[in-house]
Amino acid sequence: MKKRRIRVIFCMISLVLLISSVSILAEERDIYVGDLINIKVDTLLYDEDDLRDKFKDFEIVDIKDTEEGYILTLRSFETGKKTVKLDNKEIEIDIKSTLDEIDRDEPYEGELNTESHGFSFDYSYVFYLLLIIFLVAVSITIIKFIRKRKKISLSIYQRFKNDIDSISLEDHDCFVKMTLSLKNYLQSKYQCSIRGKTCDEIMLEISPITNLKDLLTDIKSWLKISDYYKFSGVVVTIEQKQELLNKLIALVEKIEQAKEVEV
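Taking mature numbering (1 follows the signal peptide of the UniProt record, and there is no 0), I'd label the letters of the sequence shown as residues -26 to -1, 1 to 237.
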């Protein structure tokens, strides 16, 4: 029964890959002025305000929250190439004008005669392409599954420490990562919903938590400083970044100690 279930899952994955791959091969259209553009952002490093700032050159029609990140619906009425940097990746979007498609120096003259070009296509390339996509997809799924199981086995505090240890102070988005580490810690420990929320909204959400009563002022102060560094545009030194990181670690350690006292 278990083997049969595995075979069914395998067939479903293959079918999805086939359909999606054929769709990608069959259509590669240009993006024109006013076209709706859907972009899936699979990262937890940014909240909604960060994404609005990153895509400020576009009109944001809609932002949908998903388990892995966000789905953005954008459009632009300005032509040209626009580049958006997310973490260490760049997204380049080329907006074209519909007028460019009908620009000609001479009148178009059609011909009634047809001409055969002897076009032939080797479908073995499609097979190899699908095979590569399938292997990559399976590998990514297995790696994510292993990492997820390893992460689940860690305590909430250990996960927080791992997140903090992975932050580089040279990174432009280090404040975003610090804030996200604190949000994930509080959300996991107290089952509260604070992802994508502002400082005031977070404080409103966690204020009823008895264990945090004596630390609410410290939490709000840290969030305010982090937001100031993120959005004010001031130049922040490495020393200031390190100081904010140390305050975050000390704050979480206080929360851990408060929990132990309550127990």
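Glycine included, each C-beta is placed from N, C-alpha and C at the ideal position.
Practice task
Tell me where the beta strand (DSSP E) around valine 150 begins and ends.
Solution key: By 1-based counting over the sequence shown, the position of residue 150 is 176. Segment 148 to 164 is the alpha helix (DSSP H) holding valine 150; no beta strand (DSSP E) there.
Problem - Close beta carbons around isoleucine 130, own chain, < 8 Å, minus the five adjacent residues each side - result: To locate residue 130, count along the sequence shown from 1; it is residue 156. Excluding positions up to five away in sequence, the list reads Tyr159, Ser162 and Lys163.
Handout entry: Where tyrosine 20 falls: helix, strand or coil (DSSP)
Key = Taking the first residue of the sequence shown as position 1, residue 20 is located at position 46. Looking at tyrosine 20 - three-state DSSP - the assignment turns out to be coil, as it is neither helix nor strand.
Handout entry: Residues bridged to valine 15 (per DSSP)
Key = Counting from 1 along the sequence shown, the entry for residue 15 is found at position 41. Paired residues: Tyr44.
Handout entry: Burial state of serine 200 (16 or more Cβ within 10 Å)
Key = Mapped onto the sequence shown, residue 200 falls at position 226. By the neighbour-count rule (16 or more Cβ atoms within 10 Å), serine 200 is buried.
Handout entry: glutamine 132 versus isoleucine 229 - alpha carbon distance
Key = To locate residue 132, count along the sequence shown from 1; it is residue 158. To locate residue 229, count along the sequence shown from 1; it is residue 255. Near 14 Å, if we compare the C-alpha coordinates of isoleucine 229 and glutamine 132.
Problem - aspartate 24 burial status per 10 Å Cβ neighbour count (16 or more: buried) - result: Mapped onto the sequence shown, residue 24 falls at position 50. Looking at its Cβ environment, which holds 16 or more other Cβ atoms inside 10 Å, aspartate 24 is buried.
Problem - Per-residue burial, threonine 153 [other beta carbons within 10 Å of its own, 16 or more giving buried] - result: For this step, residue 153 is matched to residue 179 along the sequence shown. Buried.
Exercise for the section: Pull up the DSSP beta-bridge partners for aspartate 39, would you. Expected result: The residue you call residue 39 lines up with position 65 of the sequence shown. BP columns for aspartate 39 point to Tyr44.
Handout entry: Proximity below 8 Å, CB of residue 239 to CB of valine 15
Key = One cannot answer for residue 239 here, as it falls past the ends of the chain, which runs -26 to 237.
Handout entry: Outcome for leucine 222 when other beta-carbon atoms lying within 10 angstroms are tallied against a minimum of 16
Key = Locating residue 222 in the sequence shown gives position 248, counting from the first residue. It is buried - the Cβ of leucine 222 has at least 16 other Cβ atoms within 10 Å.
Handout entry: Element boundaries [beta strand (DSSP E), containing glutamate 179]
Key = As a position in the sequence shown, residue 179 is number 205, starting the count at 1. Not the beta strand (DSSP E): glutamate 179 falls in the alpha helix (DSSP H), residues 173 to 180.
Practice task
Report yes if the C-beta distance between aspartate 39 and lysine 56 is below 8 Å; otherwise report no.
Solution key: What you label residue 39 is simply residue 65 of the sequence shown in a count that begins at 1. What you label residue 56 is simply residue 82 of the sequence shown in a count that begins at 1. The answer is no: Cβ separation not under 8 Å.
Problem - Check whether methionine 177 and lysine 194 have beta carbons under 8 Å apart - result: Within the sequence shown, numbered from 1, the residue matching residue 177 stands at position 203. Within the sequence shown, numbered from 1, the residue matching residue 194 stands at position 220. Taking 8 Å as the Cβ cut-off, methionine 177 and lysine 194 qualify as a contacting pair.
Practice task
Select from Val210, Phe29 and Phe205 the residue whose C-alpha is nearest the C-alpha of threonine 172.
Solution key: On the sequence shown, residue 172 is found 198 positions in, with the first residue counted as 1. Among Val210, Phe29 and Phe205, the Cα nearest to that of threonine 172 belongs to Phe205.
Handout entry: Per-residue DSSP class, three states only, for cysteine 133
Key = Position 159 of the sequence shown, counted from the start, is the residue given in the question as residue 133. Checking the sequence, you will find arginine at residue 133 rather than cysteine. Arginine 133: helix per DSSP, three-state reduction.
Practice task
Pull up the CB-CB distance for isoleucine 69 and glycine 54, whole angstroms please, since I reckon it's below 8 Å.
Solution key: As a first step, residue 69 is located in the sequence shown; it is residue number 95 there, counting from the start. As a first step, residue 54 is located in the sequence shown; it is residue number 80 there, counting from the start. Indeed, because the Cβ distance is near 6 Å, the residues count as touching under 8 Å.
Handout entry: Beta-bridge partners of glycine 54, as assigned by DSSP
Key = To locate residue 54, count along the sequence shown from 1; it is residue 80. Beta-bridge pairing links glycine 54 to Ile69.
Handout entry: Length of the line joining the Cα atoms of arginine 121 and glutamate 175
Key = Within the sequence shown, the letter at position 147 stands for residue 121. Within the sequence shown, the letter at position 201 stands for residue 175. Looking at the two C-alpha atoms, the distance is approximately 31 Å.
Handout entry: Alpha-carbon spacing of glutamine 214 relative to arginine 26, whole angstroms
Key = Your numbering for residue 214 matches position 240 in the sequence shown. Your numbering for residue 26 matches position 52 in the sequence shown. Roughly 26 Å separates the two Cα atoms.
Practice task
Please work out which residues of its chain come closer than 7 Å, Cβ to Cβ, to aspartate 9, disregarding the five sequence neighbours upstream and downstream, and give them in chain order.
Solution key: To locate residue 9, count along the sequence shown from 1; it is residue 35. Excluding residues within five positions, the ones whose Cβ falls inside 7 Å are Arg49.
Exercise for the section: Could you tell me the distance, in whole angstroms, from the CA atom of valine 58 to the CA atom of alanine 232? Expected result: The residue you call residue 58 lines up with position 84 of the sequence shown. The residue you call residue 232 lines up with position 258 of the sequence shown. So the two alpha carbons sit approximately 42 Å from each other.
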